[in-house]
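Q: The listed protein sequences correspond, in order, to chains L and S.
Counting with the working numbering, you get residues 690 to 925 for the letters of the first sequence.
Counting with the working numbering, you get residues 589 to 834 for the letters of the second sequence.
The C-beta atom is built at its ideal place from N, Cα and C for all residues, glycine as well.
Here it is, the structure, as structure tokens.
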Amino acid sequence: MEAEKEIAVKVDKLRKKYYGDQVLKGVTLEIEAGKVTALVGPNGSGKSTALKVMAGLIRPSSGKVRALGKKPGRKLNNELAFFPEKNHLYNWMSIEKAITFFNRQYSNFDLDKAEGIMYFMNLDPRLKISNLSRGLLARVKMVLTLARRAPLLIMDEPLAGIDPQSRAKILKSLDNECQSGEKTIILSTHEVFEAEKLFNYVFFMEDGKVKIEGSADELRAQYQESIQDLAEEVFK
Amino acid sequence: MSGLWELFKQELRAIFLLLIILVVGVAVWHSLFIFQLEIWRIEFTFILNLIPLVIYFCLMFYLGWKSFQREWENNTIYSLLLLPKFTGELLGVKLLFNFAIYFLFSLASLLLIYYFYEGIMLEGVALLPLDFELREVLVRGYLAYIVLGLKVYILTQFAYLFTKLFAEFRIFIGLSTFIISSYLVIWGGEILAPLFTWLPELLFSNSSSLYWQWISQDLARLTATLGLISVFFIGSSLLLRNLLEI
Numbered sequence: 690m691e692a693e694k695e696i697a698v699k700v701d702k703l704r705k706k707y708y709g710d711q712v713l714k715g716v717t718l719e720i721e722a723g724k725v726t727a728l729v730g731p732n733g734s735g736k737s738t739a740l741k742v743m744a745g746l747i748r749p750s751s752g753k754v755r756a757l758g759k760k761p762g763r764k765l766n767n768e769l770a771f772f773p774e775k776n777h778l779y780n781w782m783s784i785e786k787a788i789t790f791f792n793r794q795y796s797n798f799d800l801d802k803a804e805g806i807m808y809f810m811n812l813d814p815r816l817k818i819s820n821l822s823r824g825l826l827a828r829v830k831m832v833l834t835l836a837r838r839a840p841l842l843i844m845d846e847p848l849a850g851i852d853p854q855s856r857a858k859i860l861k862s863l864d865n866e867c868q869s870g871e872k873t874i875i876l877s878t879h880e881v882f883e884a885e886k887l888f889n890y891v892f893f894m895e896d897g898k899v900k901i902e903g904s905a906d907e908l909r910a911q912y913q914e915s916i917q918d919l920a921e922e923v924f925k
Numbered sequence: 589m590s591g592l593w594e595l596f597k598q599e600l601r602a603i604f605l606l607l608i609i610l611v612v613g614v615a616v617w618h619s620l621f622i623f624q625l626e627i628w629r630i631e632f633t634f635i636l637n638l639i640p641l642v643i644y645f646c647l648m649f650y651l652g653w654k655s656f657q658r659e660w661e662n663n664t665i666y667s668l669l670l671l672p673k674f675t676g677e678l679l680g681v682k683l684l685f686n687f688a689i690y691f692l693f694s695l696a697s698l699l700l701i702y703y704f705y706e707g708i709m710l711e712g713v714a715l716l717p718l719d720f721e722l723r724e725v726l727v728r729g730y731l732a733y734i735v736l737g738l739k740v741y742i743l744t745q746f747a748y749l750f751t752k753l754f755a756e757f758r759i760f761i762g763l764s765t766f767i768i769s770s771y772l773v774i775w776g777g778e779i780l781a782p783l784f785t786w787l788p789e790l791l792f793s794n795s796s797s798l799y800w801q802w803i804s805q806d807l808a809r810l811t812a813t814l815g816l817i818s819v820f821f822i823g824s825s826l827l828l829r830n831l832l833e834i
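Given below as structure tokens:
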């Protein structure tokens, strides 16, 4: 008998309207704890909006969201590490100062772990945020996200528009993080090819709706192709 | 606490250049006209030395509007809204920092003006239909100035946050919101003042000019006004947590 799954995030009939545009059209997701779940879809499919709703950055027009049994908001913020697609760091800060800033804001920030990941990412802590390339910036954001002892990590396009070296470093760090199985990781991505080996579960989203969903292994077996090829087929 | 201190430092860093310009500019301005004391007419240099007080007041519009606008422009609003903090704490840090600037700069200018122009101010106060000493007039006038600055900052900040609910005409909506909310604070202050009449009389009374009437608010009206300003502070906090979206 299959053990009952522990659900980390539950999204029920989520709808979101932005200034008249219906961005999410009744999305329902159940995200299993301790797994890597990917939201895959073209631009405008509603992936980022769904992630932001889970993180409490956007209020849904209707529907229900519970992450780790809580409503998105202040109480959840300490248990949730969010990786935004945009640069959310203060430009005047050096990497070292950004780490200090996060360390003082979050009680679960692990400074030793941050230093370890920073070393792995080949980052010079003296570099200023404003001087970083997109790839280096993504690495810094990854350090700040993974250094949190938060049970839930939400990542909005962590691989978008960055150089292959940075992508490789980020994927390796994520892979290390997945090994423990203690963290629930939800990510949205276009870069399915490189990231798909991390996925345990995939939601294919299009036009504000979930088109296909399933465990990554089952989808591969069912369609006899990789997630990347399946994505190309679904969204052609 | 260290988290809030980090945010406080961030506020300082965000307007550091502006502060340097302000310190240098005001120091040069005051020095320039104080050096002219013996040369130019004293009334003229006195008025020119009051200009920084007008500038600080105008600065509160800018600081109130920019306090969150720059967070949105730089996407650092993500960092703020993802913190495990009440939005009231975020607003409070910004208010504390910006109000401290207003308070310290204006107090420094006022003390400087008092030191160099006590004579002309004494003559001026003697012309007013009031039975108060100069120092008392200054303290009460300064209190009104401080409350006005606080009101402008909080209402401008509220107006900015309110505009974020709309996709278009934001400048027009911001301006309208500020004007309407200012009116509500003044009008509401009058309406609610009787609720606080049990508070002791502190300020001027029996004055005829509109300006002096404003300054001569009794403690009841002042308390009602501060209460209404707090309502807009809470309104900003609710907007930030519940309505605004990135």
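#1: Tell me where the beta strand (DSSP E) around Ala-770 of chain L begins and ends.
#2: Could you tell me the distance, in whole angstroms, from the CA atom of Met-844 of chain L to the CA atom of Ala-920 of chain L?
#3: Under DSSP, the alpha helix (DSSP H) around Lys-764 of chain L begins and ends at which residues?
#4: Going by beta carbon distance, what residues of the same chain come within less than 6 Å of Tyr-799 of chain S, once the five residues before and after it are set aside?
#5: Relative to the C-alpha of Arg-815 of chain L, which residue among L:Val-729, L:Trp-781 and L:Asn-732 is closest?
#6: Would Leu-728 of chain L and Leu-713 of chain L be called neighbours here (beta carbons separated by less than 8 Å)?
#7: Using beta-carbon positions only, say whether Leu-821 of chain L and Val-829 of chain L come within less than 8 Å of one another.
#8: List the endpoints of the continuous beta strand (DSSP E) containing Ser-655 of chain S.
#9: Using a Cβ-Cβ cut-off of 8 Å, state whether Tyr-795 of chain L counts as contacting chain S.
#10: Can you tell me whether Met-589 of chain S is buried or exposed? The criterion is at least 16 other CB atoms within 10 Å of its CB, across all chains shown.
#11: For Leu-842 of chain L, which three-state DSSP category applies?
#12: Going by DSSP in three states, Thr-878 of chain L sits in which element: helix, strand or coil?
#13: Using a cut-off of 7 Å between C-beta atoms, extract the partners of Ile-834 of chain S located in chain L.
#14: Do you know how far the Cα of Phe-704 of chain S is from the Cα of Gly-712 of chain S?
#15: Give the residues of chain S in contact with Tyr-779 of chain L, contact being defined as C-beta atoms less than 7 Å apart.
#16: Rounding to the nearest angstrom, what Cα-Cα distance links Tyr-707 of chain L and Leu-738 of chain S in this structure?
#17: Check whether chain S comes within 8 Å of Pro-853 of chain L, counting only Cβ atoms and requiring the distance to be less than that.
#18: Is the distance from the Cβ of Asp-701 of chain L to the Cβ of Lys-753 of chain L below 8 Å?
#19: Under 8 Å between beta-carbons, which chain S residues line up against Lys-775 of chain L? List them in chain order, please.
A: Based on what the coordinates show:
#1: In the first sequence, counting from the first residue as 1, residue 770 of chain L sits at position 81. Run containing Ala-770 of chain L: 769-772, per the beta strand (DSSP E) assignment.
#2: The count along the first sequence starts at 1 and reaches residue 844 of chain L at position 155. The count along the first sequence starts at 1 and reaches residue 920 of chain L at position 231. Each residue's alpha carbon lies about 19 Å from the other.
#3: For this step, residue 764 of chain L is matched to residue 75 along the first sequence. Unbroken alpha helix (DSSP H) run through Lys-764 of chain L: 763-766.
#4: Numbered from its first residue, the second sequence carries residue 799 of chain S at position 211. Summary for Tyr-799 of chain S: the model assigns pLDDT 47, below 50, so the residue's position carries little reliability; its value from the coordinates is reported in the next sentence. If we look at Tyr-799 of chain S and ignore the five residues flanking it on each side, it has no Cβ neighbours.
#5: Here residue 815 of chain L refers to the residue found at position 126 of the first sequence. That would be L:Trp-781, whose Cα lies nearest to the Cα of Arg-815 of chain L.
#6: Here residue 728 of chain L is taken as the residue at index 39 of the first sequence, counted from 1. Here residue 713 of chain L is taken as the residue at index 24 of the first sequence, counted from 1. No.
#7: For the purposes of this step, residue 821 of chain L is taken as the residue at position 132 of the first sequence. For the purposes of this step, residue 829 of chain L is taken as the residue at position 140 of the first sequence. It is a contact, given that the beta carbons lie within the stated cut-off.
#8: Residue numbering aside, residue 655 of chain S sits at position 67 when the second sequence is read from its first letter. Careful: Ser-655 of chain S lies outside any beta strand (DSSP E), inside the alpha helix (DSSP H) at 630-661.
#9: Your numbering for residue 795 of chain L matches position 106 in the first sequence. It does: the Cβ of Tyr-795 of chain L has a partner Cβ on chain S nearer than 8 Å.
#10: In the second sequence, residue 589 of chain S corresponds to position 1, counting from 1. Looking at its Cβ environment, which holds fewer than 16 other Cβ atoms inside 10 Å, Met-589 of chain S is exposed.
#11: In the first sequence, counting from the first residue as 1, residue 842 of chain L sits at position 153. DSSP places Leu-842 of chain L within a strand segment (E or B) once states are collapsed to three.
#12: Numbered from its first residue, the first sequence carries residue 878 of chain L at position 189. If DSSP states are grouped into helix, strand and coil, Thr-878 of chain L belongs with the strands.
#13: In the second sequence, the residue the question calls residue 834 of chain S occupies position 246. Those within 7 Å of Ile-834 of chain S in chain L are Lys-741, Leu-746 and Ile-747.
#14: Within the second sequence, residue 712 of chain S is the residue found at index 124, counting from 1. Within the second sequence, residue 704 of chain S is the residue found at index 116, counting from 1. Looking at the two C-alpha atoms, the distance is approximately 14 Å.
#15: The residue given as residue 779 of chain L occupies position 90 in the first sequence. Going along chain S in sequence order, the residues near Tyr-779 of chain L (Cβ under 7 Å) are Gln-598 and Thr-664.
#16: For the purposes of this step, residue 707 of chain L is identified with residue 18 of the first sequence, where counting begins at 1. For the purposes of this step, residue 738 of chain S is identified with residue 150 of the second sequence, where counting begins at 1. Distance between the alpha carbons of Tyr-707 of chain L and Leu-738 of chain S: 34 Å.
#17: Residue mapping note: residue 853 of chain L aligns to position 164 of the first sequence, counting from 1. Output row for Pro-853 of chain L: interface = no.
#18: Residue mapping note: residue 701 of chain L aligns to position 12 of the first sequence, counting from 1. Residue mapping note: residue 753 of chain L aligns to position 64 of the first sequence, counting from 1. A contact, by the Cβ cut-off of 8 Å.
#19: Residue numbering aside, residue 775 of chain L sits at position 86 when the first sequence is read from its first letter. Asn-663 and Tyr-666, listed in chain order.
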